[in-house]
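Colleague:
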Amino acid sequence: MNTMLLYSYMKEVASGCIPWRRMKNGTVEVLMILRTGGYWEFPKGKQEKGETDGDTALRELKEETNLKGNLSTEHPISLRYTFTRNGVNVEKQVMFFMCEIDLKSKVSIERKEVTDYIWLPTEDIEQKAMSFTVRRVQFTPFCLFS
C-alpha cells in the first residue's frame, strides 16, 4: 500500500516595529502591547498588497496604538518561524524596525486586538517576553539607542 503524506502549509509575511522613546533623564523605554490572546509583544501585522515592510510596520503601529513614529531602516531584525494554525503549517517571516516615538505622544489602543500597553525600560523587557517574537527580538542590541 502506498501512503502519501500531504502537508498543508502557507506562507505569511508580516512587519512590525519596536517603538521606543528617550525619557528626559536619558533612559530609553520600549512600548509593548498586550494582545487579546494574553501575550505581550510589539505592534506588528500582516503585510497588505503593495506595501513595503516599513509601510506595514507604520500602519500597524498607527492601527494598534494610534502612534506615529520615526522608523529606522538601518538595523532591521528579521525573524522566520513556523507554527500550526487550525491544522495548517504556517511559515511566517516578520521584519521588525526600531521606531522612535516623540515623548509627548499618547497611546490610544484599539480594543479589537489589543487590551493594554506598557512602556518599559529596555532592561525590563525580559519579564514581559512571553510571546515567541518578543523572546527572539529581546536580544536586539539596545545599544543602538545610545
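Take 1 as the starting number for the sequence shown in the numbering used here and just add one per residue. Beta carbons: idealized from backbone N, C-alpha and C, even for Gly.
At what residues does the beta strand (DSSP E) containing D116 begin and finish?
Modeller: Its beta strand (DSSP E) spans residues V114 to P121.
Colleague: Are F42 and L34 closer than 9 Å when you measure CB to CB?
Modeller: No; because the gap between Cβ atoms is not below 9 Å, this pair is not in contact.
Colleague: So, are the CB atoms of V183 and Q47 less than 9 Å apart?
Modeller: Given a span of 1 to 146 for the chain in the structure shown, any question on residue 183 remains unanswerable.
Colleague: Check the C-beta distance from T115 over to T36 and give it rounded, since I have them as a contact under 8 Å.
Modeller: T115 to T36, Cβ: 6 Å. Contact.
Colleague: Helix, strand or coil for E48 per DSSP?
Modeller: It is coil, neither helix nor strand.
Colleague: How long is the line joining the alpha carbons of P141 and M98, rounded to whole angstroms?
Modeller: Reliability fails at P141, whose pLDDT of 49 lies under 50, so the model's placement of it is uncertain and no value is given.
Colleague: Just to confirm the assignment, what range does the alpha helix (DSSP H) spanning G16 have?
Modeller: Taken as a continuous stretch (DSSP letters only), G16 belongs to no alpha helix (DSSP H), being part of the beta strand (DSSP E) at Y9 to R22.
Colleague: Can you tell me where the alpha helix (DSSP H) with K62 in it begins and where it stops?
Modeller: Residues D53 to T65.
Colleague: Which full runs of the beta strand (DSSP E) of 3+ residues lie inside the segment 68–121, going along the chain?
Modeller: Within the segment 68–121, the complete beta strand (DSSP E) runs of at least 3 residues are 70–85, 88–100 and 114–121.
Colleague: Quick check on F96: buried or exposed, where buried means 16 or more other Cβ atoms within 10 Å of its Cβ?
Modeller: Buried: at least 16 other Cβ atoms inside 10 Å.
Colleague: To which residues does DSSP link I125 through a beta bridge?
Modeller: None, per the DSSP bridge assignment.
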